[in-house]
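Enquirer:
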Amino acid sequence: MDAISYERATDVSAAIKAAQQPGAAFIGGGTNLLDLMKGGVARPLKLVDITHINSLGSVTPLPDGGLRIGALVRNSDAANHAWIRGRYPLLSQAFLAGASAQLRNMATVGGNLMQRTRCYYFYDTGFSQCNKRAPGSGCAALEGNNRIHAILGASEQCIATNPSDMSVALAALDAVVRVNGPQGERAIPFAEFHRLPGDHPEVDTTLKSGELITSVDLPPPLFADHSHYLKVRDRASYAFALVSVAAALQMDGDTVKTARVALGGVAHKPWRATATEQMLVGNPLSHDTLQRAAALAVRDAKGYRENRFKIELAQRAIVRAVSTAGGVA
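Pasting the structure below:
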């Protein structure tokens with residue numbers, strides 16, 4: 001077993017300084033990182049404990065009417081926070097759809113953003129072919145067990161999917177991830193935070209070395225009255241999504257005024273279905289409109305031996321989620 005050093009940080013500056021050592025990793029709830037360490041997938045040389053940084057543990061209003069969720073807010077606390085439940089019910093639903101009650105009580109918002117994929121071949125070091133774990137080794141999932149894998153945005157280097165429910169809702173809500181690091185603070189639009197695999201599937205996000213997530217900022221609420229998070233999975237709880245849909249609408253009578261649709265379980269990152277959104281705007285939620293809008297979301301999809309069913313499943317899930325959000329289901 002490798003030796004691991006440990007340092008507890010009490011403020012953001014100290015955490016960033018402590019993480020400059022090669023092989024350092026931040027740890028909050030640890031629900032994903034510890035799994036990776038136990039399996040030999042992650043081998044940090046130093047753990048920087050950020051759980052005592054009080055400034056990262058609260059939910060606060062923003063001057064523009066939005067909301068700032070600290071990176072250390074527990075998933076269960078975020079799901080049940082009165083402001084989030086009342087103003088961003090889509091996000092509350094997504095939190096409650098994730099993992100189990102026990103894990104939600106430990107997992108943090110910042111850690112949720114950093115979840116690694118749940119690909120069988122990535123987690124099992126007995127398989128040598130995994131470009132995400134060992135760049136250049138190949139992707140065993142291409143010809144192997146790929147039922148849970150991507151149908152959109154994949155590459156020949158990796159067809160893994162992002163496992164986060166929270167992130168699908170944040171993509172639909174146009175959230176912003178705030179980070180701090182050796183070069184100072186910056187804000188990352190949510191659509192730019194996670195990466196598609198391309199030629200470097202080992203890189204999941206656009207975070208720079210040593211950067212720490214400090215919060216997630218939500219814009220002023222627009223969709224409190226018409227939103228729905230739908231998760232299709234093999235079990236009713238404690239299972240990752242085969243396909244999930246975050247649907248958020250502004251309605252003008254029976255007509256869609258604004259639409260946001262994001263998919264989970266289908267790509268290396270939360271997938272915004274922008275063509276679907278454009279089709280919905282200005283139209284009533286008729287059966288024909290919903291069917292055509294859903295088909296646009298998967299027009300570039302590519303299925304593999306065991307996951308081609310996801311192409312049809314994604315369309316059906318979009319129709320159901322949007323219909324429910326719009327109150328016509």
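Using the UniProt record's numbering, the first residue of the sequence shown is number 1, and each one after it goes up by one. For glycine and all other residues, C-beta sits at the position ideal for the given N, C-alpha and C.
Rounding to the nearest angstrom, what Cα-Cα distance links residue 156 and residue 273 in this structure?
Expert: When rounded, the distance between both Cα atoms is 22 Å.
Enquirer: Can you find the residues in the same chain that come closer than 6 Å, C-beta to C-beta, to residue 280, ignoring five residues on each side of it along the sequence?
Expert: Within the same chain, residue 280 has close Cβ partners 256, 259, 293.
Enquirer: According to the neighbour-count rule (16 or more other Cβ atoms, all chains shown, within 10 Å of its Cβ), is residue 164 buried or exposed?
Expert: Buried.
Enquirer: Just the Cα atoms here: how many angstroms apart are residue 282 and residue 152?
Expert: Spanning the two alpha carbons is a distance of roughly 27 Å.
Enquirer: Going by DSSP, which residues form a beta bridge with residue 226?
Expert: Residue 226 is not bridged to any residue.
Enquirer: Rounded to whole angstroms, what's the CA-CA distance from residue 136 to residue 249? Just pull it up for me.
Expert: Spanning the two alpha carbons is a distance of roughly 43 Å.
Enquirer: Mind pulling the alpha helix (DSSP H) runs of 4 or more residues that sit fully within the region 72-128?
Expert: Segments of the alpha helix (DSSP H) lying fully in the region 72-128: 75-80, 82-87, 89-97, 101-106, 109-113, 120-123.
Enquirer: Measure the C-alpha to C-alpha separation of residue 247 and residue 226 and round it to an integer number of angstroms.
Expert: Spanning the two alpha carbons is a distance of roughly 8 Å.
Enquirer: Among the residues of its own chain, which have a CB less than 8 Å from the CB of residue 129, if the five just before and after it don't count?
Expert: Within the same chain, residue 129 has close Cβ partners 121, 137, 138, 139, 140.
Enquirer: Do the CB positions of residue 15 and residue 46 come within less than 9 Å of each other?
Expert: No, the pair does not count as a contact, with Cβ atoms beyond the cut-off.
Enquirer: Can you tell me the Cα-Cα spacing of residue 230 and residue 242, whole angstroms?
Expert: Those two C-alpha atoms are separated by around 11 Å.
Enquirer: Measuring only the C-alpha atoms, how far is residue 84 from residue 237?
Expert: If you take the alpha carbons of residue 84 and residue 237, they lie about 22 Å apart.
Enquirer: Between the C-alpha atoms of residue 290 and residue 315, what's the straight-line distance to the nearest angstrom?
Expert: Straight-line Cα distance between these residues: approximately 9 Å.
Enquirer: Excluding the 5 residues preceding and the 5 following residue 328 in the sequence, name in chain order all residues of the same chain whose CB lies nearer than 7 Å to its CB.
Expert: Answer for residue 328: 285, listed in chain order.
Enquirer: Roughly how many whole angstroms lie between the Cα atoms of residue 311 and residue 267?
Expert: Distance between the alpha carbons of residue 311 and residue 267: 12 Å.
Enquirer: Taking the beta strand (DSSP E) that residue 257 falls in, what are its first and last residues?
Expert: That run of the beta strand (DSSP E) goes 255-264.
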